[in-house]
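Here is the structure we will look at.
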Amino acid sequence: MQAQTLTPAKIFGLDVRHVIPLFQRPYVWTEEDQWAPLWDDISRVAEQLLETPVGYGTPKVVPHFLGAIVLEQPLVQSGYILVRNVIDGQQRLTTLQLLLDAAQWVTEQRGTTMDAQALRVLVCNKPEIAAQPYEVFKVWPTDRDQEAFQAAMDNALTVPPALADAAVARAHAFFVTVIEDWAEVTGDPAKAAARLTALTQTLRDHLKIVVIDLEPGDNAQVIFETLNHRGVPLLAADLIKNFVFQIAEAQKLDVTDLYRRQWRKLDTDYWRQKLSRGRQYVPRIDIFVNYWLIERLRTEVPADRIFVAFRDHLMDEQPDIEKLLAELSRDADNYASLDTWPADSAVGRFHYRVIQAMDSAVVTPILLWLLRWSAAELPPAQRDKALDALESWLVRRAICRLTSKDINRLMLDLLRELHSSGPALAGDVTERFLKSQKADSRFWPSDIQVIDALQDMPIYKSLLRARLRMLLEAIEDRRRTDKSEHSACPRNLTVEHVMPRAWREHWPAVVGVTEAERDVLIHTLGNLTLVNKKLNPALSNRPWTDEEAQARGLGKTGKRSELLKHATLKTNVDLVVGASEVWNDDLIRARTHELAQVVVDIWPAPSSIAAAQVSLAAAEKDALPVVAKPSGPEDTGGRYRPLTDWLRAQTADSLLLRFEEMEDILDLPVPQAAHDPSEWDAPGNPLGGAITAAGFKLSVVEPAAEWVVLIRKQ
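Counted the way our numbering counts, the sequence shown spans residues 247 to 960.
Quick look at the structure:
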């Protein structure tokens, strides 16, 4: 085979037909994933061309690389137009033709005749030598797309309604719209024509494609499989490394030494290990670089645009490569060391509570920014104050079940505020910034709001298990005032109900409390604690005292004595000492109020928030979010109704739910059929019905890991 790098002018300048074989898939590219990013890249090159005070074909404008295509010459060819079969790259070629034709049409209307003709020769062969009408097209798609492609490319822009929704027609319409908007941004016809000249030059000469021409004897299928299936895909970090060190080499730097000092450690298995990120598994290095770019650029960087954002930053800012790599290496060390901070340090607490337990990794760029400074630049006390303020803001909003939909933009705003103010007073700046937020999606809840939210909230059902466990661990940490005790509560303990969920068997109802009220009360904060390992149902459901257990023939010990076996936890010691004879509804309410006070002490809000809102207590109480009552279709599964209720209480649109958590919610074992992805959508499946009734649907099932991802139905 022969490979060469060509421009669109070279590829389409001759009379040639690129025919996509019948067996190839139809056109599938979309606006969000391909058209819009492609236009962003091309318009950026055109803007650079406009700003470059040099003539046509200037070498100072860096071309945009579009990828590779593989072509094969058919054994039999007739007619005067050269034919190539497209073995790989058909989506890319089709999109490029639609873009060229859209640019040609807009240029014909608003640009110069010369530019319009320069583009026209790239989309149309000479009709005089075309044996069939369709042979005028430089690219001819598969049969499914041919009619819509021909209609979109006819320069009339009147695609029949039956074809208007085809992907090729929508792509053409998209490019016409964005090119018109880009050309006419100034409102000056002369400037619009000049912009279209720059775009014409970009499309003809400043795009690069690697064209691989197969020769007789080359196995097209093997080559296609090698390109698309057998190779290990490049990571975004691989592309960045290649790009950076190419620049370093061009600048005559010692590339070997630079790599050894700054990048070699990032090529280890640790950094390439794939971690769960939403519904995907992503290499650690790409996750880190994504957060690092957000921290550095202070703007959103989509996960699929990491390399493009990095490349554009280097081209726009032209930073010192050695300094850039040193900063990247330093921040990588900080990121890798997050697990090594002491559990009782502000950084260690923040990493565990916020990023791990609360799964709020969106704040990672803030943490990286705070860790990048020396103690002289950012005093540790100010760093810790910033982390404590942000942790309090996040935890309080989670407890009050307030929306997190605006958190991405809020973190970017905070990054910009910190960057503008400098590191010296980062804690004061962070607290002042968060305190100033007044919108519903951003305000910092007061003590009154948090306490009122906790008082009646069935928090066991309202918070994801990791968040609830973290909350109880923090309470345990606060109770450990004796330095001879362990410095921090052990991790990954089990959340246990004091009065059991199966209370009806051995815990009689009391006057003035209905069964429904108690069913809610047992899930409130005051009835929850931590144990070293999950109590089996026979122990967990026992009466409170030893005497009651013995009287019922249930063994020698009651629930109180079983909890005493976990006396290494200060919370359990306090619990059993304060309830030596009985554990009832009044004690649950009293303990809830007591622990709510501890919670607001652990995560304090600025005093001005509390003071300003005391007078608004009644109004705030009315405005507090409440647990939604079940509504909508009922779960016919009956036993699975608790899952429906729990899901309805969630505010997130995507949830990773482990089978263990599901069993806790249901107080039932997950059925064996849950390990079969096909069973979830089976007609009459009560578990699937419970999820559907809550307005969610199944997205991903991982039977081996025993978790599912549920997403809210739109």
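Even for Gly, the Cβ is constructed at its ideal location relative to N, Cα and C. Note that the structure is a prediction, hence the values are computed from the model and not measured.
Close-in-space but distant-in-sequence residues of the same chain around residue i (CB under 6 Å, 5 per side omitted)
i: L785; result: E808
i: L971; result: One cannot answer for residue 971 here, as it falls past the ends of the chain, which runs 247 to 960.
i: W517; result: R530 and I531
i: A292; result: A444, L445 and T448
i: V872; result: Only weak support exists for where V872 lies, its pLDDT of 39 falling under 50; the value from the coordinates is given anyway. So no residue of the chain qualifies.
i: L771; result: L700, I705, T838 and L841
i: H812; result: V777, N778 and N818
i: L345; result: F421
i: A483; result: I531, D532 and V535
i: E907; result: R711
Selected residue, minimal CA-CA separation from residue i, among the options
i: P691; options: W639, H264 and Q492; result: W639
i: S583; options: E573, V382, H597 and A572; result: H597
i: P548; options: P283, P406 and V457; result: P283
i: L409; options: F421, A394, W953 and H418; result: A394
i: A720; options: W275, D590 and A795; result: D590
i: T219; options: L636, K779 and Q628; result: The question about residue 219 has no answer here: the residues shown for the chain are numbered 247 through 960.
i: A592; options: E568, D634, R557 and I567; result: D634
i: V696; options: V756, R263, A836 and V846; result: V846
i: A836; options: K372, D411, D702 and V777; result: D702
i: R726; options: Q497, D820, E568 and V457; result: D820
i: P616; options: S650, Q602 and E663; result: This sequence places Leu at residue 616; Pro is not what is there. Considering only alpha carbons, the answer is E663.
i: H452; options: R595, K256 and I266; result: K256
i: V262; options: A249, F311, L368 and A644; result: L368
i: P915; options: R599, L889 and A939; result: L889
i: L902; options: L680, W849 and R958; result: R958
i: Q294; options: D562, I768 and D659; result: D562
i: Q336; options: R450, D427, I455 and L680; result: I455
i: R798; options: K684, E751 and L815; result: E751
i: L851; options: R643, V954 and D579; result: The amino acid at residue 851 is misidentified as Leu; the sequence shows Ala. For A851, the nearest C-alpha among the options comes from R643.
i: M657; options: M399, Q628 and S606; result: S606
i: D287; options: H310, V274, V955 and V265; result: H310
Cut-off 8 Å between Cβ atoms - residues of its own chain near residue i, not counting five sequence neighbours on either side
i: L543; result: A555 and H559
i: P272; result: P387, T388, R390, D391 and A413
i: R806; result: W790, T791, D792, V822, A825, S826 and W829
i: T353; result: D361, A362, L365, L442, L445 and T446
i: T897; result: R647, L648, T649 and S650
i: L260; result: L328
Backbone secondary structure at residue i - three-state DSSP
i: V316; result: strand
i: V955; result: strand
i: A825; result: coil
i: F421; result: helix
i: D334; result: strand
i: R476; result: Note that R476 has pLDDT 44, beneath the 50 cutoff, so the model's placement of it is unreliable and no number is given.
i: V385; result: strand
i: L260; result: coil
i: H559; result: helix
i: F311; result: strand
i: P267; result: coil
i: D686; result: coil
i: V947; result: strand
i: Y527; result: strand
i: A249; result: strand
Burial state of residue i (16 or more Cβ within 10 Å)
i: N401; result: exposed
i: R885; result: exposed
i: N773; result: buried
i: N787; result: buried
i: I375; result: exposed
i: P254; result: buried
i: S853; result: exposed
i: N818; result: buried
i: H665; result: exposed
i: Q519; result: exposed
i: S708; result: buried
i: A762; result: exposed
i: R764; result: buried
CB contact below 8 Å: residue i versus chain C
i: L709; result: Checking the listed chains, one finds no chain C in this structure; it contains a single protein chain.
Residues of its chain near residue i, where Cβ-Cβ distance is below 7 Å and the 5 sequence neighbours each way are ignored
i: A803; result: It is Thr, not Ala, that sits at residue 803 in the sequence shown. Correct list, in chain order: D792 and A795.
i: D577; result: W538, L614 and R618
Taking three-plus beta-carbon pairs below 8 Å as touching, is the segment 660 to 677 in contact with the segment 618 to 633? yes
Do three or more CB pairs link the segment 739 to 747 to the segment 820 to 836 at distances below 8 Å? yes
So, does the segment 489 to 497 touch the segment 346 to 356, judging by three or more C-beta pairs under 8 Å? no
Quick test of the definition: if touching needs 3 or more C-beta pairs under 8 Å, does the segment 561 to 576 touch the segment 502 to 510? yes
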